[in-house]
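*Asks:*
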Amino acid sequence: GAVVSQHPSRVICKSGTSVKIECRSLDFQATTMFWYRQFPKQSLMLMATSNEGSKATYEQGVEKDKFLINHASLTLSTLTVTSAHPEDSSFYICSAPDRGSSTDTQYFGPGTRLTVL
Amino acid sequence: AQSVTQLDSHVSVSEGTPVLLRCNYSSSYSPSLFWYVQHPNKGLQLLLKYTSAATLVKGINGFEAEFKKSETSFHLTKPSAHMSDAAEYFCVVSENTGNQFYFGTGTSLTVIP
Chain Y
195 GAVVSQHPSR VICKSGTSVK IECRSLDFQA TTMFWYRQFP KQSLMLMATS NEGSKATYEQ
255 GVEKDKFLIN HASLTLSTLT VTSAHPEDSS FYICSAPDRG SSTDTQYFGP GTRLTVL
Chain A
-16 AQSVTQLDSH VSVSEGTPVL LRCNYSSSYS PSLFWYVQHP NKGLQLLLKY TSAATLVKGI
44 NGFEAEFKKS ETSFHLTKPS AHMSDAAEYF CVVSENTGNQ FYFGTGTSLT VIP
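Protein chains in written order, with this note's numbering: chain Y, 195 to 311; chain A, -16 to 96.
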């Protein structure tokens, strides 16, 4: 079946540095990908919609200059957390719909746990 | 506007007894509805989905859910809980399966041996 991967699965960085998280659709093309953030013991909150070949669409309250999204190809979207601070520590999850499937199913990546010291 | 309400933040059941996780939704359109499970430090796994076909949907691991339009509900059930069912469960609504998902706040299921 379709698979979405994320890299890295876990990252620890110092405050002030930038961290890039990759989201890949492994056996299907995704013109759209979604980025979510999940705080401990809370639900997933949609951060932004990544669109291949155009600018990402950010949800209200999400700083686009802090969370840079690049959808470089039909199988890759990246989220860069710039000048990370401890409050950015969270679990980041991406998803991608497989519009080529008969059920137009959406698949989630395994997540990336970011810890900012 | 779409939204999901999971009525219980935490449910505790004994092993072998039935499980009921409640979910109510609000949608301006005919929604697609999903239940996902998340085990500790793991990604989301799709349990089942409703996409305007049969109102009683059967999923993996013995779970099922019934879409009731009149009650705007999509409750998740399982006849007999297993220890491995202990996890966080999310009810999700979408205008259609390929668009944005709106997550409920989650229900943490504990299974007592």
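Note that CB positions come from ideal geometry on N, CA and C, so glycine has one too.
Do you know whose CA, among A:Ser(-14), A:Ser(-5), A:Gly(-1), A:Tyr33, lies nearest Ser11 (chain A)'s CA?
*Replies:* Within the second sequence, residue 11 (chain A) is the residue found at index 28, counting from 1. Measuring from the Cα of Ser11 (chain A), the nearest candidate turns out to be A:Ser(-14).
*Asks:* So Ser284 (chain Y) packs on Phe86 (chain A), CB below 8 Å; how close in whole Å?
*Replies:* Locating residue 284 (chain Y) in the first sequence gives position 90, where the first residue counts as 1. Locating residue 86 (chain A) in the second sequence gives position 103, where the first residue counts as 1. In fact, because the Cβ distance is near 15 Å, the residues do not count as touching under 8 Å.
*Asks:* Hey, out of Y:Ile287, Y:Gln254, Y:Leu268, whose CA is closest to Leu27 (chain A)'s CA?
*Replies:* Within the second sequence, numbered from 1, the residue matching residue 27 (chain A) stands at position 44. The residue with the shortest Cα to Cα distance from Leu27 (chain A) is Y:Ile287.
*Asks:* May I ask you to verify whether the segment 38 to 45 of chain A touches the segment 246 to 254 of chain Y, counting CB pairs closer than 8 Å and requiring at least 3?
*Replies:* no
*Asks:* I'd like the span of the beta strand (DSSP E) that includes Val213 (chain Y), first residue to last.
*Replies:* For the purposes of this step, residue 213 (chain Y) is identified with residue 19 of the first sequence, where counting begins at 1. From DSSP, the beta strand (DSSP E) with Val213 (chain Y) extends over 213 to 219.
*Asks:* Here's a check: name, in chain order, each residue in its chain whose Cβ is nearer than 7 Å to the Cβ of Ala70 (chain A), leaving out the five neighbours to either side.
*Replies:* Sequence index remark: in the second sequence, residue 70 (chain A) carries index 87 (1-based). Same-chain partners within the cutoff: Val20, Gln21, His22, Leu92.
*Asks:* Quick one: is Ala255 (chain Y) near chain A, going by C-beta distance under 7 Å?
*Replies:* By 1-based counting over the first sequence, the position of residue 255 (chain Y) is 61. The sequence given here has Gly at residue 255 (chain Y), not Ala. Not flagged as an interface residue toward chain A: Gly255 (chain Y), since no C-beta distance is shorter than 7 Å.
*Asks:* Less than 8 Å between C-beta atoms, sequence neighbours within five positions excluded: which residues of the same chain meet that for Ser203 (chain Y)?
*Replies:* As a position in the first sequence, residue 203 (chain Y) is number 9, starting the count at 1. Closer than 8 Å at the Cβ level, and outside the excluded window around Ser203 (chain Y), lie Pro304, Gly305, Thr306, Arg307.
*Asks:* First and last residue of the beta strand (DSSP E) that includes Ser56 (chain A)?
*Replies:* Numbered from its first residue, the second sequence carries residue 56 (chain A) at position 73. Counting along the chain, the beta strand (DSSP E) containing Ser56 (chain A) begins and ends at 56 to 61.
*Asks:* Are the C-beta of Pro202 (chain Y) and some C-beta of chain A separated by less than 7 Å?
*Replies:* As a position in the first sequence, residue 202 (chain Y) is number 8, starting the count at 1. Cβ-Cβ to chain A under 7 Å: no for Pro202 (chain Y).
*Asks:* According to the neighbour-count rule (16 or more other Cβ atoms, all chains shown, within 10 Å of its Cβ), is Ser271 (chain Y) buried or exposed?
*Replies:* The residue given as residue 271 (chain Y) occupies position 77 in the first sequence. Buried, by the Cβ-count rule.
*Asks:* Can you name, in chain order, every residue of its own chain whose Cβ lies under 6 Å from the Cβ of Val197 (chain Y), other than the five neighbours on each side?
*Replies:* To locate residue 197 (chain Y), count along the first sequence from 1; it is residue 3. Same-chain partners within the cutoff: Leu220.
*Asks:* Tell me which residues share the same chain as Ser(-8) (chain A) and place their Cβ nearer than 8 Å to its Cβ, disregarding the 5 neighbours each side in the sequence.
*Replies:* To locate residue -8 (chain A), count along the second sequence from 1; it is residue 9. Thr88, Gly89, Thr90, Ser91, listed in sequence order.
*Asks:* Pick from A:Gln83, A:Val76, A:Lys61: whose alpha carbon is nearest that of Ser(-3) (chain A)?
*Replies:* Position 14 of the second sequence, counted from the start, is the residue given in the question as residue -3 (chain A). Per the Cα distances, A:Lys61.
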